[in-house]
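Report on the structure given below.
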Amino acid sequence: MTDSSLTPAYARELDLLQQELATHNPTDVLQFCANYFNSKLELQRCHLWQQEAKAQAAGINLFPAVSVNSSNAASRLLSSLTKQPSFKSPFSDNDPHANHHDDPLGGAPAPGSAITAAEPNAPDSSANLFKSYNVGKTSAKHVQDAPDPNDPTTETGSSKNTSSSAFSSFSNKAASGFKFAPKFPIAFNANRRTSVSAETINPNIFKSSDWKPPVNDLTPEQREELAGNLASNFLFRQLDANSKKTVVAALTKKLFAKDSEIIKQGDEGDYFYIIESGTVDFYVNGTMVSSAGEGASFGELALMYNSPRAATVVATSNVTCWALDRSTFRHIILEGTFNRRLMYEDFLKDVPILKVLSNTERSKLADALSSEIFHKGDQIVKEGQQGENFYFIESGNCNVIKEGEGVVAKLGKGDYFGELALLNDKPRAATVEAVDNVIVATLGKSGFSRLLGPAVEVLKQQDPTAH
Numbered sequence: 002m003t004d005s006s007l008t009p010a011y012a013r014e015l016d017l018l019q020q021e022l023a024t025h026n027p028t029d030v031l032q033f034c035a036n037y038f039n040s041k042l043e044l045q046r047c048h049l050w051q052q053e054a055k056a057q058a059a060g061i062n063l064f065p066a067v068s069v070n071s072s073n074a075a076s077r078l079l080s081s082l083t084k085q086p087s088f089k090s091p092f093s094d095n096d097p098h099a100n101h102h103d104d105p106l107g108g109a110p111a112p113g114s115a116i117t118a119a120e121p122n123a124p125d126s127s128a129n130l131f132k133s134y135n136v137g138k139t140s141a142k143h144v145q146d147a148p149d150p151n152d153p154t155t156e157t158g159s160s161k162n163t164s165s166s167a168f169s170s171f172s173n174k175a176a177s178g179f180k181f182a183p184k185f186p187i188a189f190n191a192n193r194r195t196s197v198s199a200e201t202i203n204p205n206i207f208k209s210s211d212w213k214p215p216v217n218d219l220t221p222e223q224r225e226e227l228a229g230n231l232a233s234n235f236l237f238r239q240l241d242a243n244s245k246k247t248v249v250a251a252l253t254k255k256l257f258a259k260d261s262e263i264i265k266q267g268d269e270g271d272y273f274y275i276i277e278s279g280t281v282d283f284y285v286n287g288t289m290v291s292s293a294g295e296g297a298s299f300g301e302l303a304l305m306y307n308s309p310r311a312a313t314v315v316a317t318s319n320v321t322c323w324a325l326d327r328s329t330f331r332h333i334i335l336e337g338t339f340n341r342r343l344m345y346e347d348f349l350k351d352v353p354i355l356k357v358l359s360n361t362e363r364s365k366l367a368d369a370l371s372s373e374i375f376h377k378g379d380q381i382v383k384e385g386q387q388g389e390n391f392y393f394i395e396s397g398n399c400n401v402i403k404e405g406e407g408v409v410a411k412l413g414k415g416d417y418f419g420e421l422a423l424l425n426d427k428p429r430a431a432t433v434e435a436v437d438n439v440i441v442a443t444l445g446k447s448g449f450s451r452l453l454g455p456a457v458e459v460l461k462q463q464d465p466t467a468h
């Protein structure tokens with residue numbers, strides 16, 4: 002049984018894990034669970050890496066924590082064109098449950114896989130905790146050295162892959178039986194993330210005088226539930242509040258009978274789907290790779306990239322879905338992303354503290370910002386609380402209030418606040434309250450020093466607590 006407070010997507014994942022535990026009854030439960038989730042992560046990352054170039058063109062960073070390190074500019078360029086990072090799991094080398102096989106997507110062994118050149122019965126000189134399992138060995142006919150993902154002379158398995166998954170929450174059949182070693186991105190969270198600067202998008206290709214987003218009658222409960230489901234999808238996280246409302250209002254209900262095909266591999270994508278009720282199976286080249294239920298979503302990548310469907314989705318029960326059509330999807334996601342960047346770039350040019358940033362640095366900062374709306378009387382930050390965000394005021398006015406002193410400052414468009422708590426890692430020094438309706442652009446703590454660059458030094462110089 003899963004916790005009723007969990008979202009449907011989380012509850013579904015835990016239910017699937019419990020089924021696997023009951024089926025395999027592993028002796029090492031922690032290792033088994035690590036394998037299970039890292040195998041699911043592997044398949045998702047392997048597919049998304051194939052889509053990275055298209056995602057960059059749309060201004061989306063699919064791998065915020067992955068860095069493919071190269072020693073010089075030439076190798077960096079070559080790596081960006083032909084290489085994918087290793088997705089090797091840190092758990093696989095000492096894993097008694099793992100059988101080390103080829104790339105799960107069907108090609109050469111994946112970069113960083115645990116396949117070695119040792120014979121199955123060769124003596125092992127390493128201090129392996131699980132020697133009796135012959136971990137890291139395979140039969141001679143499958144022996145192959147694992148390629149280095151940072152070596153520009155090495156061909157990776159990604160160039161040979163012919164099948165993939167378009168679904169961000171995929172598990173796979175191999176994950177259930179642990180037929181291959183799950184893998185993590187190399188340099189996982191090791192380096193600072195940099196925002197992706199997208200190629201130029203011409204918004205005129207989306208503009209049409211007769212296009213209007215569809216509006217459907219939904220109950221407040223349905224709107225709230227659908228908004229929650231969209232929040233877990235990487236494509237919709239950075240949309241502003243109005244765009245999210247437009248997406249939710251445009252969703253239409255579609256019913257599918259048991260055993261019917263919702264989408265077919267190779268077909269042109271026409272809808273993005275969110276499952277309201279029922280269950281589905283995903284098939285790639287005729288092989289079932291995953292299942293999903295209430296709250297899961299699928300179909301977005303085919304719409305975004307104008308590519309054929311990467312999998313077939315079959316209803317395993319009567320299924321009710323909410324669907325977003327292709328035209329609305331592309332107008333909101335792609336045009337919205339482009340317009341959002343232009344808006345923030347223009348706004349940031351007028352912020353005095355950011356004059357020290359280059360155009361490139363401002364573009365990266367614009368990609369990382371998100372908008373929040375506050376109403377009159379709302380406390381945007383509260384004195385004494387731990388600081389997690391830095392704020393620029395896009396519109397509206399605020400009062401800065403200190404306990405025992407009252408209003409000590411007034412802020413308006415272009416002003417900023419919240420930097421002291423982040424600079425000094427201390428609680429908020431004052432409360433900032435909205436005087437009227439206020440829109441702020443927020444930057445999280447992790448991106449504060451990473452993206453503000455030289456502006457951070459200016460903030461430190463102006464910090465009144467530093468003197």
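Mapping the sequence shown onto our numbering, position 127 (from 1) lands on 128, and the numbers just tick up by one. Note that beta-carbon positions come from the ideal geometry of N, C-alpha and C, so glycine has one too.
- In the structure shown, Thr253 adopts extended strand secondary structure according to DSSP, grouped into three states.
- In the DSSP annotation of this structure, the continuous segment of the beta strand (DSSP E) that includes Phe393 starts and ends at 390 to 396.
- Annotation: the region 394 to 427 contains the following complete segments of the beta strand (DSSP E) (minimum length 3 residues), in chain order: 399 to 403, 407 to 412.
- Distance from Ile440 to Glu384 at the Cβ level is roughly 22 Å; contact not present, criterion being Cβ atoms closer than 8 Å.
- Of all C-beta pairs linking the region 335 to 351 to the region 290 to 303, fewer than three are shorter than 8 Å, placing the two stretches out of contact.
- Considering only His25, Gly388, Ser292, the residue with the shortest C-alpha distance to Ser447 is Gly388.
- Secondary structure note for Gln380: its beta strand (DSSP E) is the uninterrupted segment 380 to 382.
- The Cβ neighbour count for Asp368, taken over all protein chains shown within 10 Å, is at least 16; the residue is labelled buried.
- Beta bridge pairing from DSSP links Ser298 with Ile275.
- Rounded to whole angstroms, the Cβ separation of Val281 and Val315 is 6 Å, and the two are in contact under 8 Å.
- When C-beta atoms of the region 302 to 309 are compared with those of the region 358 to 368, fewer than three pairs fall below 8 Å, so the two segments do not count as touching.
- Taking a 10 Å sphere around the C-beta of His332, we find 16 or more other C-beta atoms and assign the residue as buried.
- Ranked by Cα distance from Gly413, the first of Phe393, Ala422, Pro428 is Phe393.
- A straight-line Cα-Cα distance of about 24 Å links Ala324 and Phe339.
- The Cβ-Cβ distance between Ile381 and Val433 falls below 8 Å.
- Between Ser372 and Ala293 the beta-carbon gap is near 31 Å, outside 8 Å, which marks them as no contact.
- Of the candidates Gly405, Phe33, Gly397, Gly229, Gly397 places its Cα closest to the Cα of Asp379.
- Counted as a single uninterrupted DSSP element, the alpha helix (DSSP H) harbouring Thr338 occupies residues 337 to 350.
- The shortest C-alpha to C-alpha distance from Ser328 to any of Ala10, Tyr272, Met289 is the one to Tyr272.
- Residue environment analysis places Gly337 among the buried positions, since at least 16 neighbouring C-beta atoms fall within 10 angstroms of its C-beta.
- Look at Ser328 here: in three-state DSSP terms it is helix.
- In the three-state reduction of the DSSP assignment, Val285 falls in the strand class.
- For Leu22, the enclosing alpha helix (DSSP H) begins and ends at 9 to 25.
- Buried is the label assigned to Gly270, since at least 16 other Cβ atoms lie within 10 Å of its Cβ.
- The alpha-carbon of Glu404 is positioned some 38 Å away from that of Ser244.
- About 33 Å separates the CB atoms of Val290 and Ala250; that is not less than 8 Å, and the two are not in contact.
- Straight-line measurement puts the Cα of Asp29 at about 46 Å from the Cα of Leu335.
- Straight across, the Cα-Cα distance linking Glu262 with Asn425 is about 56 Å.
- With respect to Phe33, Leu44 sits apart: the two C-beta atoms are not nearer than 8 Å.
- Taking 8 Å as the cut-off, the beta carbon of Leu452 is found closer than this to the beta carbon of Leu366.
- Sequence-distant Cβ neighbours of Ile275 in its own chain, meaning closer than 6 Å and more than five residues away, are Asn230, Ser298, Trp323.
- Between Pro214 and Thr247 the beta-carbon gap is near 5 Å, inside 8 Å, which marks them as a contact.
- Distance from the CA atom of Gly279 to the CA atom of Leu444, rounded to whole angstroms, is 38 Å.
- The three-state reading of DSSP puts Ala431 in coil, since its state is none of H, G, I, E or B.
- Burial state of Gly419 is buried, judged by a 10 Å Cβ sphere holding 16 or more other Cβ atoms.
- Annotated three-state conformation of Gln32 is helix, per DSSP.
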